[in-house]
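So the sequences go chain by chain: A and B.
With our numbering, letter number 62 in the first sequence gets 75, and the count goes up by one each step, no holes.
With our numbering, letter number 96 in the second sequence gets 169, and the count goes up by one each step, no holes.
Note that CB positions come from ideal geometry on N, CA and C, so glycine has one too.
Predicted model only: the values in this text are computed from it and were never measured.
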Amino acid sequence: MFRTRYVAVALLVAGFVGQAQAERKIEIVTRPERSLGNRLLLAGLAGGGALVGGLGVYFHLESREASNAVASDTATGKAWTADRQANMENAGDNRTRAAIAYGVGGGLVIAAIVAAVLTEPAAETTVIIPRGPAPTIAPAEGGAVLGGRWSF
Amino acid sequence: MRATMLLVALTAACTPDIVSGAYLCGPEKACPDDQVCDGVDNLCVLSSQARPYTCSGAPLPAQPATLCATVPVELSGCIGDGDTDSDTLEVAVPAACVTSSVNVRLSFPLAYAPLQMTLVDAGTGAMVAADGPCAGDADDDGDVRRCLEANVAADQSYRISVAPTGEDNCGGACDYNRYRLTFQLLSRGAR
Chain A
14 MFRTRYVAVA
24 LLVAGFVGQA
34 QAERKIEIVT
44 RPERSLGNRL
54 LLAGLAGGGA
64 LVGGLGVYFH
74 LESREASNAV
84 ASDTATGKAW
94 TADRQANMEN
104 AGDNRTRAAI
114 AYGVGGGLVI
124 AAIVAAVLTE
134 PAAETTVIIP
144 RGPAPTIAPA
154 EGGAVLGGRW
164 SF
Chain B
74 MRATMLLVAL
84 TAACTPDIVS
94 GAYLCGPEKA
104 CPDDQVCDGV
114 DNLCVLSSQA
124 RPYTCSGAPL
134 PAQPATLCAT
144 VPVELSGCIG
154 DGDTDSDTLE
164 VAVPAACVTS
174 SVNVRLSFPL
184 AYAPLQMTLV
194 DAGTGAMVAA
204 DGPCAGDADD
214 DGDVRRCLEA
224 NVAADQSYRI
234 SVAPTGEDNC
244 GGACDYNRYR
254 LTFQLLSRGA
264 R
């Protein structure tokens, strides 16, 4: 009965010591900065995409303006003149330009996002295990053995 | 979903939506790309709704005026497409009229061959006056208006001639037109 109690206490102390060692293991995760070239590439792609997309918005609005100038769902009582034909052609041309600009701009922004994901620098994990003295305790016949270990 | 609907609405707004009949035909039967010129009422319509050009104009009657001042008389006629190549209106000014003039207004659809008119002395064949743009004319309603105003002598006969200009006639394919001619003889009085 007495021996059994000693063994239980020894195991409990050993558990605490092991847990204390695990808690003392230090992990440091570092994420390296992107290189200047990489940042310039990403900024160029995203900025270019935004710029070309903005150009698409401009052509889109131009197209809408020309389109609205001739669109009608009622009888206008006006003749179809060369000016109106030019407006219609202008709307079509600018619509094509806007579609191209949206496509190219969107492609550049997507390329920037994909490039950002693919060129994300890998995280580096450094594990530090403290090398200080660690107490040990083990059950033994008639009691327990208390000791310590350390490296030097 | 809302963004998609917005994108569709924005894109659709760039394509002009022009219903059939929204516009009158322009010069040389010009219409929006997916429409053609209706030959009856000169409206731009879908090709399935288009009717061929028709005109059944009677020859212009002579105007043997007996009064020195008349109310405007409106006449209509056709040029080309099986009809005459030019129409002539005979006008006789009564001998009793003092300081007379004629006012003539020619109106025709913009869609077909442009027309012109001249006033000619019936006795000598000399041209008295040619038409010109009408003052204060709206230029965007599908019709062209030409006006002619000239002094005429009493007891003389004149001819008002209406004929195509020979220009803007679809390369000869629409060298025809309908017209309305409004004629008025004005005078300060009678002897």
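So with Cβ pairs under 8 Å, would you call D106(A) a contact of chain B? Mapped onto the first sequence, residue 106(A) falls at position 93. No, D106(A) lies away from the interface with chain B (no Cβ there is under 8 Å from its Cβ).
Burial state of M200(B), where buried means 16 or more other Cβ atoms lie within 10 Å: Here residue 200(B) is taken as the residue at index 127 of the second sequence, counted from 1. It counts as exposed.
Taking C-beta pairs closer than 8 Å, name the residues in chain B that G90(A) reaches, listed in chain order. Taking the first sequence and counting its residues from 1, one reaches residue 90(A) at position 77. Within 8 Å Cβ-Cβ: L97, D214 and G215.
Should P89(B) be flagged as near chain A, meaning a C-beta pair shorter than 8 Å? The residue you call residue 89(B) lines up with position 16 of the second sequence. Closer than 8 Å to the CB of P89(B) there is at least one CB belonging to chain A.
Would you give the residue range spanned by the alpha helix (DSSP H) that N224(B) belongs to? Taking the second sequence and counting its residues from 1, one reaches residue 224(B) at position 151. Not the alpha helix (DSSP H): N224(B) falls in the beta strand (DSSP E), residues D216 to V225.
On the CB-based measure, 16 or more other CB atoms within 10 Å of its CB, does L119(B) come out buried or exposed? Position 46 of the second sequence holds residue 119(B). Its Cβ having fewer than 16 others within 10 Å, L119(B) is exposed.
Contact check, A82(A) vs N107(A), beta carbons under 8 Å: Indexing the first sequence from 1 puts residue 82(A) at position 69. Indexing the first sequence from 1 puts residue 107(A) at position 94. No, they are not a contact pair.
If we ignore side chains and look at the alpha-carbon of each, how far apart do C98(B) and G215(B) end up? By 1-based counting over the second sequence, the position of residue 98(B) is 25. By 1-based counting over the second sequence, the position of residue 215(B) is 142. About 7 Å.
Who are the neighbours of P105(B) on chain A, taking C-beta pairs under 7 Å? By one-based count along the second sequence, residue 105(B) stands at place 32. Per Cβ cutoff of 7 Å: W93 and M101.
Determine the chain B residues that contact A84(A) at a beta-carbon separation under 7 Å, and present them in chain order. Position 71 of the first sequence, counted from the first residue, corresponds to residue 84(A). Those within 7 Å of A84(A) in chain B are P89, D90 and I91.
Checking contacts by CB at 8 Å: is R253(B) closer than that to chain A? What you label residue 253(B) is simply residue 180 of the second sequence in a count that begins at 1. Cβ-Cβ to chain A under 8 Å: no for R253(B).
For H73(A) and C87(B), I'd like the C-alpha separation in whole angstroms. Mapped onto the first sequence, residue 73(A) falls at position 60. Mapped onto the second sequence, residue 87(B) falls at position 14. About 7 Å.
Determine, using beta carbons only, whether T238(B) and P187(B) come nearer to each other than 8 Å. Reading the second sequence from its first residue, position 165 is the one you call residue 238(B). Reading the second sequence from its first residue, position 114 is the one you call residue 187(B). Judged by their CB atoms, T238(B) and P187(B) are nearer to each other than the 8 Å cut-off.
Could you please give the first and the last residue of the uninterrupted beta strand (DSSP E) stretch that includes T161(B)? Numbered from 1 along the second sequence, position 88 holds the residue referred to as residue 161(B). Note, T161(B): beta strand (DSSP E), D160 to A165.
Min CB distance L259(B) to chain A below 8 Å: For the purposes of this step, residue 259(B) is taken as residue 186 along the second sequence, with counting starting at 1. Not an interface residue.
Cα-Cα separation between P167(B) and A208(B), rounded to whole angstroms: Counting from one through the second sequence, the residue named residue 167(B) turns up at place 94. Counting from one through the second sequence, the residue named residue 208(B) turns up at place 135. P167(B) and A208(B) have their C-alpha atoms spaced approximately 28 Å apart.
For P145(B), the nearest candidate out of V175(B), C117(B) and Y126(B) (CA to CA): Here residue 145(B) corresponds to residue number 72 of the second sequence, with the count starting at 1. When only C-alpha atoms are compared, the closest one is V175(B).
Whole-angstrom distance between A114(A) and G90(A), CA atom to CA atom: Here residue 90(A) refers to the residue found at position 77 of the first sequence. Here residue 114(A) refers to the residue found at position 101 of the first sequence. Cα to Cα, G90(A) sits roughly 37 Å from A114(A).
Look at the Cβ atom of S138(A), then the Cβ atom of V42(A), and state whether they are nearer than 8 Å. Sequence index remark: in the first sequence, residue 138(A) carries index 125 (1-based). Sequence index remark: in the first sequence, residue 42(A) carries index 29 (1-based). Strictly speaking, residue 138(A) in this sequence is Thr, with Ser absent from that position. Their beta carbons are under 8 Å apart, which means T138(A) touches V42(A) by this criterion.
Would you identify the three-state DSSP class for Y249(B), choosing helix, strand or coil? Taking the first residue of the second sequence as 1, we reach residue 249(B) at position 176. Residue state, collapsed to three classes: coil.
For chain B, is any of its Cβ atoms less than 8 Å away from the one on T132(A)? As a position in the first sequence, residue 132(A) is number 119, starting the count at 1. False, the Cβ-Cβ gap to chain B never drops below 8 Å.
Collapsed DSSP secondary structure at A21(A) in the structure displayed: Position 8 of the first sequence, counting from 1, holds the residue named residue 21(A). Since pLDDT at A21(A) reaches only 46, below the 50 mark, its modelled position is unreliable, and the value read off the structure follows with that caveat. Here A21(A) sits in helix by DSSP.
C243(B) by DSSP, collapsed to three states: which one? Counted from its first residue, the second sequence places residue 243(B) at position 170. Correct three-state label for C243(B): helix.
Report yes or no: is there a C-beta of chain A within less than 8 Å of the C-beta of G112(B)? As a first step, residue 112(B) must be located in the second sequence, where it is residue number 39. No, G112(B) lies away from the interface with chain A (no Cβ there is under 8 Å from its Cβ).
With the cut-off set at 8 Å, would you say S85(A) and V92(B) are in Cβ contact? Counting from 1 along the first sequence, the entry for residue 85(A) is found at position 72. Counting from 1 along the second sequence, the entry for residue 92(B) is found at position 19. Taking 8 Å as the Cβ cut-off, S85(A) and V92(B) qualify as a contacting pair.
Kindly list the residues whose CB is nearer than 7 Å to the CB of T143(B), restricted to its own chain and excluding five residues on each side of it in sequence; keep chain order. As a working note, residue 143(B) is residue 70 in the second sequence. Closer than 7 Å at Cβ, skipping near neighbours: Q257 and L258.
Taking buried to mean at least 16 other C-beta atoms within 10 Å of its own C-beta, is V22(A) buried or exposed? Looking up residue 22(A) in the first sequence gives position 9. Because the pLDDT at V22(A) is just 45, under 50, the model does not fix this residue reliably, and the point stays unresolved.
State the CB to CB distance for the pair G119(A) and G61(A), rounded to an integer number of angstroms; the pair is presumed to be in contact (CB under 8 Å). Locating residue 119(A) in the first sequence gives position 106, where the first residue counts as 1. Locating residue 61(A) in the first sequence gives position 48, where the first residue counts as 1. Incorrect: roughly 11 Å between the Cβ atoms, too far for contact.
What residue range does the beta strand (DSSP E) around R162(A) cover? Here residue 162(A) refers to the residue found at position 149 of the first sequence. That run of the beta strand (DSSP E) goes G156 to R162.
Starting from the beta carbon of L183(B), find every residue of chain A whose beta carbon is closer than 7 Å, and list them in chain order. The residue you call residue 183(B) lines up with position 110 of the second sequence. The answer, in chain order, is A92.
Run down chain A in chain order and give the residues with a C-beta less than 8 Å from the C-beta of G94(B). The count along the second sequence starts at 1 and reaches residue 94(B) at position 21. Those within 8 Å of G94(B) in chain A are A88.
To be precise: take each residue of the stretch 62 to 85 of chain A, compare its Cβ to all Cβ atoms of chain B, and keep it if any distance is under 7 Å. Which residues remain? So the close ones are H73, S76, R77, S80, V83, A84 and S85.
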